[in-house]
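Participant: To convert, count from 1 in the sequence shown and add 358; that's the working numbering.
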Amino acid sequence: MSINNISKKRFRLDYVDIFRGIALLIMVSIQIFDYLSVSSIYNTPPYYVKAINSVTWVPPSLLFTFVVGMSVFLMINNKLKFNLKKSQIVLDVIKRYGKYVLISLPFTLIMWSLKTYVGWEEAIQGLGLCAVFLGIFLLSFKKIPIKYLILIIVIFAYLQSFLPNYVNNLAIFAKYPRYPDLNGNGLTILISVILNALIRGWFSIVNLFPIMLGGLIFIRLALKNKTLSHLFLFSLSFLTLSIVLDLIGLPIDYYGRSFSLTFFAIGESALICTLFYYLYKKKKDLIIFKPLKVFGLAAFTIYIGHYLLILKVLELLKLKDLLPDLIAGLITIPLVIIVYFVAKAHLERKQNLFKN
Numbered sequence: 359m360s361i362n363n364i365s366k367k368r369f370r371l372d373y374v375d376i377f378r379g380i381a382l383l384i385m386v387s388i389q390i391f392d393y394l395s396v397s398s399i400y401n402t403p404p405y406y407v408k409a410i411n412s413v414t415w416v417p418p419s420l421l422f423t424f425v426v427g428m429s430v431f432l433m434i435n436n437k438l439k440f441n442l443k444k445s446q447i448v449l450d451v452i453k454r455y456g457k458y459v460l461i462s463l464p465f466t467l468i469m470w471s472l473k474t475y476v477g478w479e480e481a482i483q484g485l486g487l488c489a490v491f492l493g494i495f496l497l498s499f500k501k502i503p504i505k506y507l508i509l510i511i512v513i514f515a516y517l518q519s520f521l522p523n524y525v526n527n528l529a530i531f532a533k534y535p536r537y538p539d540l541n542g543n544g545l546t547i548l549i550s551v552i553l554n555a556l557i558r559g560w561f562s563i564v565n566l567f568p569i570m571l572g573g574l575i576f577i578r579l580a581l582k583n584k585t586l587s588h589l590f591l592f593s594l595s596f597l598t599l600s601i602v603l604d605l606i607g608l609p610i611d612y613y614g615r616s617f618s619l620t621f622f623a624i625g626e627s628a629l630i631c632t633l634f635y636y637l638y639k640k641k642k643d644l645i646i647f648k649p650l651k652v653f654g655l656a657a658f659t660i661y662i663g664h665y666l667l668i669l670k671v672l673e674l675l676k677l678k679d680l681l682p683d684l685i686a687g688l689i690t691i692p693l694v695i696i697v698y699f700v701a702k703a704h705l706e707r708k709q710n711l712f713k714n
């Protein structure tokens, strides 16, 4: 069974799977390289980019968040076509995305620690919760104009740039620190987790929601059959705004969650998606699209799998951070190819199970 048929069977848009696949491919590649290499992608140039204080020029979590916004919109759109009750759609959204918040707990305990989970620093827990939030938002404001979505993006960009530190410095929240004593009061821990999920965590709603809205705008423009010039204008407008803000003293700062970062994240992600959307419209059978669709369709499996079966194994065998960059890069390539073929076999097996 071909990957194309799997994609159609699930009523997915191929190009959205391609966008998601790009983010996963970048993520898997740089993280395997980071585990193998003596260099760190997080603080060693050229992998660390001082100009935007970021891991690479294309932080994969930003692009992936952007694409999640598209996925949530498509899911809600499809549900509304069947005239389902709003309560039923909310339940479906929670079943689809809320489970990742729960799955993230054992995964985070295996890979890192409970502290990471409580601090809301693991990607799938934050993406899952924010996707539910976005789904409820879309059901509440079904036909909200794009100009208002942009206004909301600006507001959240501002909130995410100052609110975490502001909350940390408020006396009222002093007893609910970012990393509470895990042996302490249960209510204190719960309130700390809620504050992290909403505001303080790296993958908090305040941080992720505006980027998801950017993806929502992009897919709305694409589905309305807007010309490529509209999509380029959308992406370049946000990217240009972030550069202008950077030049006037509001730097693009990935680790620091600056005001201009949100516009950079949306602009860069939209530009990447626009370029690949253009290629897809020109030639749908381009050779690079097949592996990207596999990465996109098997995103969750690949994300969890490469951590547990490659990165954790390297760590347990004490093979982490040992190799020169060149050797690490050469080994990374076949490992990524193996990830592709395992994911492809997994997808085809699932398709056969559905058939039977």
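Even glycine gets a Cβ: it sits at the ideal position worked out from N, Cα and C.
Source: prediction; values computed, not measured.
1) Could you check how far apart the C-beta atoms of Leu485 and Phe561 are, in whole angstroms? I think they sit under 8 Å.
2) Got a sec? Which residues, its chain only, sit under 7 Å from Ile610 by beta carbon, not counting five neighbours each side?
3) Taking 8 Å as the threshold (C-beta atoms), are Met469 and Lys678 in contact?
4) Answer yes if the region 511-521 comes into contact with the region 531-543, meaning at least three C-beta pairs across the two stretches below 8 Å, and no otherwise.
5) DSSP three-state call for Ser429: helix, strand or coil?
6) Could you check where the alpha helix (DSSP H) with Asp604 kicks off and where it finishes?
7) Note down, one range per segment and in chain order, each alpha helix (DSSP H) of at least 4 residues found wholly within the region 605-675.
8) What is the rounded straight-line gap between the Cα of Ile691 and the Cα of Gly607?
9) Using DSSP with H/G/I as helix, E/B as strand and the rest coil, what is Ile361?
10) Judging by CA-CA distance, which residue of Ala481, Glu673, Ala657 and Ser429 is the nearest neighbour of Val697?
11) So within the region 390-448, which uninterrupted alpha helix (DSSP H) runs reach at least 4 residues, ignoring any that extend past its ends?
12) Short of 6 Å in beta carbon distance, which residues of its chain neighbour Pro649, apart from the five on each side in sequence? Order them along the chain.
13) Is it buried or exposed, Asn401, if we count other Cβ atoms within 10 angstroms and call 16 or more buried?
14) Mind checking Asn441: buried by the 16 CB within 10 Å criterion, or exposed?
15) To which residues of the same chain is Val652 closer than 8 Å at the C-beta, ignoring the five residues directly before and after it?
16) So, Ala571 versus Val564, is the Cβ gap smaller than 8 Å?
17) Quick check on Leu487: does DSSP put it in helix, strand or coil?
18) Determine the contact status of Phe567 and Leu492, defining contact as a CB-CB distance below 8 Å.
19) So what's Leu677 in DSSP terms, helix, strand or just coil?
20) Give every residue of the same chain whose Cβ lies closer than 7 Å to the Cβ of Pro417, excluding the five residues on either side of it in the sequence, and list them in chain order.
21) For Ile645 and Asp539, what's the separation of their Cα atoms in angstroms?
22) Count the other CB atoms, across all protein chains shown, that sit within 10 Å of the CB of Ile685; report buried if there are 16 or more and exposed otherwise.
Facilitator: Taking the geometry as given:
1) In the sequence shown, the residue the question calls residue 485 occupies position 127. In the sequence shown, the residue the question calls residue 561 occupies position 203. Rounded, the Cβ-Cβ distance is 7 Å, consistent with contact.
2) Taking the first residue of the sequence shown as 1, we reach residue 610 at position 252. Sequence-distant Cβ neighbours of Ile610 in its own chain, meaning closer than 7 Å and more than five residues away, are Ile410, Ser600, Asp604, Ser616, Ser618, Leu619 and Phe622.
3) The residue you call residue 678 lines up with position 320 of the sequence shown. The residue you call residue 469 lines up with position 111 of the sequence shown. Their beta carbons are not under 8 Å apart, which means Lys678 does not touch Met469 by this criterion.
4) Taking a contact to require three or more Cβ pairs closer than 8 Å, the region 531-543 and the region 511-521 do not qualify as touching.
5) Position 71 of the sequence shown, counted from the start, is the residue given in the question as residue 429. It is helical.
6) Position 246 of the sequence shown holds residue 604. Leu586 to Leu605 is the extent of the alpha helix (DSSP H) around Asp604.
7) Taking only runs of at least 4 residues, the alpha helix (DSSP H) segments lying wholly in the region 605-675 are 617-640, 647-655, 657-664 and 670-674.
8) Within the sequence shown, residue 691 is the residue found at index 333, counting from 1. Within the sequence shown, residue 607 is the residue found at index 249, counting from 1. If I take the Cα positions, the gap works out to 39 Å.
9) Residue 361 sits at position 3 when you count from the first residue of the sequence shown. Low confidence applies here, because Ile361 scores a pLDDT of 48, under 50, leaving its location unreliable and the question unanswered by this model.
10) The residue labelled residue 697 in the question sits at position 339 within the sequence shown. Here the closest residue by C-alpha is Ala657.
11) As far as the region 390-448 is concerned, its whole alpha helix (DSSP H) runs of at least 4 residues are 418-438.
12) What you label residue 649 is simply residue 291 of the sequence shown in a count that begins at 1. So the qualifying residues of the chain are Tyr698.
13) Taking the first residue of the sequence shown as 1, we reach residue 401 at position 43. By the 16-neighbour rule on beta-carbons within 10 angstroms, Asn401 is exposed.
14) By one-based count along the sequence shown, residue 441 stands at place 83. With fewer than 16 other CB atoms across the displayed protein chains lying within 10 angstroms of its CB, Asn441 is exposed.
15) Reading the sequence shown from its first residue, position 294 is the one you call residue 652. Cβ within range, chain order: Ile361, Gly379, Tyr698, Ala701, Lys702 and Leu705.
16) The residue you call residue 571 lines up with position 213 of the sequence shown. The residue you call residue 564 lines up with position 206 of the sequence shown. The sequence given here places Leu at residue 571; Ala does not occur at that position. Val564 is positioned such that its CB atom lies no closer than 8 Å to that of Leu571.
17) As a first step, residue 487 is located in the sequence shown; it is residue number 129 there, counting from the start. Leu487: helix per DSSP, three-state reduction.
18) Position 209 of the sequence shown, counted from the first residue, corresponds to residue 567. Position 134 of the sequence shown, counted from the first residue, corresponds to residue 492. In this structure, Leu492 lies closer than 8 Å to Phe567 by Cβ.
19) Here residue 677 refers to the residue found at position 319 of the sequence shown. Correct three-state label for Leu677: coil.
20) Stepping through the sequence shown from its first residue, residue 417 is reached at position 59. Around Pro417: Tyr612.
21) The count along the sequence shown starts at 1 and reaches residue 645 at position 287. The count along the sequence shown starts at 1 and reaches residue 539 at position 181. As the crow flies, the alpha-carbon of Ile645 is around 52 Å from that of Asp539.
22) Along the sequence shown, read from residue 1 onward, the residue named residue 685 stands at position 327. So Ile685 counts as exposed.
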